[in-house]
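Quick note, in my numbering, the sequence shown goes up one by one and the last residue is 225. This report concerns only the one structure given below.
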Amino acid sequence: MAYRFGPFRYDPVSRCLFRGDREIALTPKARELLVFFLENPHRLLTRQDLSDRVWAETAVTDEAMRFQLFELRKALGAEADHFIKTVPKEGYRWEMDVRSEGDRDSAGGTDLIFRLVGLKREIDLAPGANILGRERGVAVWIDDHAVSRHHARIVVGNGKATVEDLGSKNGTDVNGRRIAKATPLADGDEIRIGPATMRLQVLVSGGSTETEEKSR
10 MAYRFGPFRY DPVSRCLFRG DREIALTPKA RELLVFFLEN PHRLLTRQDL
60 SDRVWAETAV TDEAMRFQLF ELRKALGAEA DHFIKTVPKE GYRWEMDVRS
110 EGDRDSAGGT DLIFRLVGLK REIDLAPGAN ILGRERGVAV WIDDHAVSRH
160 HARIVVGNGK ATVEDLGSKN GTDVNGRRIA KATPLADGDE IRIGPATMRL
210 QVLVSGGSTE TEEKSR
């Protein structure tokens, strides 16, 4: 699911920010901040909220956080103050409405469902970023001390899915191999996080039972 706000579009699959047809460069942390804001428009996000999401496994100083917010504002240009409001002594709030674009399978124009099977349950992944980790409230909760609070992220968009480790202590494996960057996922791929093993299913929305069985 791509996010649109003002003259900008952010694509979570390519992890690129565009203004019209022009790509806008972002630092990795500024990108993480942008995604968090886009997922929570009009909500007050405290410094602790930002720290927990963007710097989940490391300590961050107020100066470092302010610098990355400055980098994000600089990337957004003159309109930045219309997007990000500083709430003194409390935190920050994204002021601009965010529009989302639905995802379609590029091959046939059909809706796809991305599902994780494992952990004694099946979890449908939402368009955009899905966090996997030990912190309650994330998309895929794994209650084990070998799993970091925000361990990995699966991004769904444009008929595709990618998985990325978020700097976790014990790493993320795909089909038995440790990943070091955002990695494309295909139907049947196995993802291992700590002791938890899950398998990705890609299903056609509204498809027949036979179609779903073939995807398993």
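Glycine included, each C-beta is placed from N, C-alpha and C at the ideal position. Just so we're clear, the structure is a prediction, and the values are computed from it rather than from any experiment.
- Counting along the chain, the unbroken alpha helix (DSSP H) around residue 75 starts and ends at 71 to 85.
- Beta bridge pairing from DSSP links residue 67 with no other residue.
- Between residue 161 and residue 134, the C-beta gap is not smaller than 8 Å, which leaves the two residues out of contact.
- Nearest to residue 94 by alpha-carbon distance, out of 87, 36, 103 and 65, is 103.
- Sixteen is the threshold: since fewer than 16 other Cβ atoms of the shown chains lie within 10 Å of the Cβ of residue 184, the residue is exposed.
- Taking residue 16 as the centre and dropping the five residues before and after it, the same chain places the C-beta of 28 closer than 6 Å to its C-beta, in chain order.
- In chain order, 127, 199 and 200 place their CB closer than 8 Å to the CB of residue 206, counting only its own chain and leaving out the 5 sequence neighbours on each side.
- Within the DSSP secondary-structure output, residue 126 pairs in a beta bridge with 131 and 208.
- For residue 20, the enclosing beta strand (DSSP E) stretches over residues 17 to 20.
- DSSP, reduced to helix, strand and coil, places residue 199 within a strand of the structure shown.
- Membership of residue 174 in the beta strand (DSSP E) is indicated by the continuous run 169 to 174.
- Taking one beta carbon from each stretch, the region 54 to 70 and the region 27 to 42 have 3 or more pairs nearer than 8 Å; the two touch.
- A direct Cα-to-Cα measurement between residue 132 and residue 143 gives close to 16 Å.
- When secondary structure is reduced to three states using DSSP, residue 161 falls in the strand class.
- With respect to residue 22, residue 167 sits close: the two C-beta atoms are nearer than 8 Å.
- Taking all protein chains in view, the Cβ of residue 70 is surrounded by fewer than 16 other Cβ atoms within 10 Å, so the residue is classified as exposed.
- A straight line joining the alpha-carbon of residue 12 with that of residue 186 spans about 31 Å.
- Taking 8 Å as the cut-off, the Cβ atoms of residue 164 and residue 195 do not count as close.
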